[in-house]
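Below you'll find the structure, written out as structure tokens, and then a few comments.
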Amino acid sequence: MLTLTYLRERRESVISALAKRGLDATESVDRVLALDVERRVIQKELDDTLAESNTLSRQIGGLMREGKREEAEAVKTATSGLKTRSGELKEKMSALENEVHDLLSHLPNTPNDLVVAGNSDKDNELIESWGELPDLGNHKKPHWDIAKEKDLIDFDLGAKVTGAGFPFYKGKGAKLQRGLIRMFLDKADEAGYTEYIPPLMINEDSGFGTGQLPDKEGQMYHMKVDDLYMIPTAEVPLTNIYRNTLLNASDLPIKLCGYTPCFRREAGSYGKDVRGLNRLHQFDKVEIVQIQHPDKSAETLESMVDHVKGLLEELELPYRVLRLCAGDMGFTAAITYDFEVWSAAQEMWLEVSSVSGFETFQANRLKCRFKDAEGKNQLVHTLNGSALALPRIVAALLENHQDADGVKIPQALVPYLGFDRI
RNA sequence: GGAGGUGUGGCAGAGUGGUCGAAUGCACCGGUCUUGAAAACCGACGUACCGCAAGGUACCGGGGGUUCGAAUCCCUCCACCUCCGCCA
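Residue numbering for the first sequence follows my numbering, starting at 32 and increasing by one per position.
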């Protein structure tokens, strides 16, 4: 959520930054600013009314102590008008505050200066490519065929027990999942991230904190009986650890990681996008999160991007890095680098990681601040990235490393599996 | 799930209707003293909003209520503790 102060001071630049997303925010922004002016007028009046009322109350207290009951009663009657007045003003205040909050919480983050304008993935910038696209010759099976032949993943069984998009992993397929998770966690650990095993359900406040609510309400599974949401990513519980906290500058950076299953309703998806492992309702992911000093957030983003590159290179998967254009970024992001790996049989790029900087957007929702060098409280910057999401990695591993009679496991992964071929 | 209890500033802990945003101790920060440190002493020491400022307002788990006035009384929700029940 953008801060009111920022909006007040930088009206033009907020509007032009949001225009890069293809959003004309002029009306909302001006409405917020107008309501804010109104709010301050009301607040002044309310504060004055309450101040007067407090003064009279103290007088009554004094008179009561001195036993001057009648005088006290007289002052009491004088306060009744103030009371109704402050009641009205309070109501107006909270109505104004609610409307401002509502408008603000529906405005997406302003894109970073590095981010280009654009409406769709066509406008994303290719930043870097790594690895050679494999020539599979006549062994070119899509991963769902390999998974079936080798009995690694059972989609039908998942559909029977739960529904489409909830596969079972079996035998070497299950071991592959476990091995990848361990490898990713070990790498995060080596890079200084503290591992957490977070809750898989979160409450409404947490959903708001990282920006899933109210914007992406329909994307999460909602347990209505207990009013809890299944996490769509470990980002939510991990980042919300620091909701409503005041940190010291020396606490920064805070580096967290965690493996969790992730749950997404993916309403409206269809066709080849959801074939096999391409898009699931439940999938496994290792997430890295950093809470950082604003001055260091750019270099931190770089380091997180480098971390993900390292993982993909160890897995010997050709990838490319895209800097998303403003219109393709998520609601909360100021800047996002997407990683895509080549799926050699499907002959398409699959998104396997998204590394984002949120600047103060989440921090403002979370109320996560730190005491800066001057002792003033300042919002932190939050960043996160997938390192990595499993299903599409598995898809690419199976497809890219296949040969005549199976799949070769990349060297770096062998110690985690105990076998080098599937 | 049932019964009872607790929830105050970074921590500990007073305060049970009226100058209480809140005693006191510890911690932290600044200073005096010291070659340096410790001790001792002095001072500062929550957050948010409004205001150029002086200052004002709100906040004692969250929300609501009673009252001229609430940390203090009432309702409700949440968290934690104890006992009972159930259970991986």
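Virtual Cβ for every residue (Gly too), placed ideally from N, Cα, C. Bear in mind that the values here come from a model prediction, so they are computed numbers and not experimental data.
*How is the beta strand (DSSP E) around Asn85 delimited, first residue to last?*
Element bounds for Asn85: not the beta strand (DSSP E) but the alpha helix (DSSP H), 57–96.
*Taking buried to mean at least 16 other C-beta atoms within 10 Å of its own C-beta, is Pro245 buried or exposed?*
exposed
*Look up Asp185 in the DSSP assignment and give the residues it is bridged to.*
Phe199
*List the DSSP bridge partners of Glu318.*
Gly289, Ser417
*Anticipated Cβ contact below 8 Å, Cys356 with Val146, distance rounded*: 7 Å
*How about the stretch 269–289 and the stretch 322–341: do they share at least three Cβ pairs that are nearer than 8 Å?*
yes
*Host beta strand (DSSP E) of Val372 (start-end)*: 366–374
*asked:* Quick check: what's the CA-CA separation for Lys269 versus Gly92?
replied: Note that residue 269 is Leu in the sequence shown here, rather than Lys. Roughly 50 Å separates the two Cα atoms.
*What number of angstroms, rounded off, separates the C-alpha of Trp161 from the C-alpha of Met32?*
35 Å
_Integer-rounded CB distance, given that Ala148 should sit under 8 Å from Lys51_ = 4 Å
*Rounded to a whole number of angstroms, what is the C-alpha to C-alpha distance between Met261 and Leu308?*
20 Å
*asked:* So, at 6 Å on beta carbons, what are the nonlocal neighbours of Ala427 in its own chain, with the 5 sequence-adjacent residues on each side left out?
replied: Leu348, Val372, Ser374
*From Leu410, Leu429, Gly196, Leu54, pick the residue whose C-alpha is nearest to that of Thr141; which is it?*
Leu54
_As assigned by DSSP and simplified to three states, the class of Lys327_ = helix
*Own chain partners of Asp152 with C-beta closer than 6 Å, once the 5 adjacent residues on each side are dropped*: Asp359
*asked:* Assess contact between the stretch 311–321 and the stretch 287–294, defined as three or more Cβ pairs (one per stretch) separated by less than 8 Å. Is contact present?
replied: yes
*Secondary structure at Met232, three-state DSSP: helix, strand or coil?*
strand
*asked:* Please tell me whether Pro422 and His432 are closer than 8 Å, where the distance is taken between their beta carbons.
replied: no
*Can you say whether Thr363 is buried or exposed, counting buried as having 16 or more other CB atoms within 10 angstroms of its CB?*
buried
_Quick test of your reading: Leu183 and Tyr200, contact by CB under 8 Å. State the CB separation rounded to the nearest angstrom._
7 Å
*Could you tell me which residues DSSP puts in a beta bridge with Glu122?*
Partner(s): none; Glu122 has no beta bridge.
*asked:* Just to confirm before moving on: does the CB-CB distance between Gly240 and Ser328 stay below 8 Å?
replied: no
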